[in-house]
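Scroll down for the structure; my scribbles are underneath it.
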Amino acid sequence: MQAIKQTSPYVRKQVSTKRMMIDVLIALIPVVVFSIYRFGWDAVVRILVSLVLMIGLEALIIGMVNKPKKTDNTFKEKLKSRYSTYTINNITAPAVSAIIYAMLMPSKLPVYAVAVGAIFAIVVVKMMFGGLGGNIFNVAAAGRRFISLALTGMFAGVYVGVDLVAGATPLTALKSGMGFPSVLNSYPLLDLFTGNIPGTMGEISAIAILIGLIYLLIRRTADYRIVLSTAITFVLLITLIGLRLYPNQWMEFLLYNLFSGGLLFGLTFMVTDPVTAPLTRPGRWLYGLLIGSLIVLIRTFGAYAEGVAAGLLFANMFVPLIDYPKWSSNVIRPRFVIGYVVLLAIMCLVVYFGVGGAL
248 MQAIKQTSPY
258 VRKQVSTKRM
268 MIDVLIALIP
278 VVVFSIYRFG
288 WDAVVRILVS
298 LVLMIGLEAL
308 IIGMVNKPKK
318 TDNTFKEKLK
328 SRYSTYTINN
338 ITAPAVSAII
348 YAMLMPSKLP
358 VYAVAVGAIF
368 AIVVVKMMFG
378 GLGGNIFNVA
388 AAGRRFISLA
398 LTGMFAGVYV
408 GVDLVAGATP
418 LTALKSGMGF
428 PSVLNSYPLL
438 DLFTGNIPGT
448 MGEISAIAIL
458 IGLIYLLIRR
468 TADYRIVLST
478 AITFVLLITL
488 IGLRLYPNQW
498 MEFLLYNLFS
508 GGLLFGLTFM
518 VTDPVTAPLT
528 RPGRWLYGLL
538 IGSLIVLIRT
548 FGAYAEGVAA
558 GLLFANMFVP
568 LIDYPKWSSN
578 VIRPRFVIGY
588 VVLLAIMCLV
598 VYFGVGGAL
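Listed below in structure tokens is the structure:
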């Protein structure tokens, strides 16, 4: 008899892929409903285009890759063989990616641009890496970054404000050099929380996103370690920046950065993606620290106002290194805690001195 080494707890509730995907779909309902309420048919069309393309292309590629048996003679038998491995997970998983991807789109982005990103995401990012469970990059984030780089010009004037005209998002306004006090007057914290601001369809309503996050945490579909580590890192670094640059408004600066942009949406639906996240508990804490740090660095020092998708994709590249069997472990030991605190302290120093701090 072969002994299996396993860390406690030894009795776990088995979480199937099907259940996880359904949980995410349920958690997305408040965000989708708000986006449809806010943007109307623009949201509906872009969601449907993403769903049809991602679900349809995954099904098509699976049928093309799987070869029929030599004993199959009729078209029906060959078709059945080609789709013998096709399950409900091949519908729910691309559906989740499609909705998340659609929620990352501005409501006025041309439909064909949305289609290009969806095709790239499902074909190149997912199916070329082996399909369900094989991709190393978050599908939705990769699709979003692809079109934002390849079709940059199309993103000008596509963010609709509360008066239904194009306007700058809260983060782009902050990045423009207006000064935080002026930006805060244009985008009050209450508007940021309720969604009365320009932005992508899924990122603007903090209330809707938080409802989904609470549901995923209660259902244990989202790993709290990644969420907590990312949030702690982000809050700590942004607080340091606020204390240095706006000592009288550091709390407002923190809340502004929390509720604007794609942080909450990414934290809820993208960072917690089990396929692209590390397997071990320490690895997930480290993964969250890396993502939180990258988001702050890109927002503060980078050319882009938003850094969630780019930070997540960059962190995805380090997951194989984090999970490398030679040093990875599922047990959180004192040396890991010390290393984690040291890394966090280093990031604090980098950010503090980067914004002009002095000893």
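The opening position of the sequence shown corresponds to residue 248 in our numbering, with each subsequent residue numbered one higher.
A virtual CB, placed ideally from N, CA and C, is assigned to each residue, including glycine.
Asked, Found
"Per-residue burial, M594 [other beta carbons within 10 Å of its own, 16 or more giving buried]", "buried"
"P572 (DSSP reduced to helix, strand or coil)", "coil"
"Distance, K265 Cα to L300 Cα", "20 Å"
"Residue range of the alpha helix (DSSP H) that includes S423", "No alpha helix (DSSP H) contains S423, which DSSP labels as neither H nor E."
"Limits of the unbroken alpha helix (DSSP H) element including K325", "322-329"
"Residue interval of the alpha helix (DSSP H) (run including R266)", "264-286"
"Classification of L510 by the beta-carbon crowding that lies within 10 angstroms, buried from 16 upward", "buried"
"Contact belief for L436 with E499 at Cβ below 8 Å, rounded distance in angstroms", "7 Å"
"Cβ distance (whole Å) where I454 is taken to contact F440 below 8 Å", "7 Å"
"Touching by the beta-carbon criterion (3+ pairs, under 8 Å), the stretch 303-321 and the stretch 367-383", "yes"
"Whole-angstrom distance between V482 and D438, CA atom to CA atom", "20 Å"
"Local Cβ density within 10 Å of R580, reported as buried at 16 or more and exposed below that", "exposed"
"Where N336 falls: helix, strand or coil (DSSP)", "helix"
"Buried versus exposed, by CB contacts within 10 Å (16 or more), A389", "buried"
"Run of the alpha helix (DSSP H) containing M352, from where it starts to where it stops", "Premise fails: M352 is in no alpha helix (DSSP H) and is neither H nor E."
"N- and C-terminal bounds of the alpha helix (DSSP H) containing P529", "528-548"
"Spatial neighbours of L537 in its chain, beta-carbon cut-off 7 Å, leaving aside the 5 residues before and after", "A562, F565"
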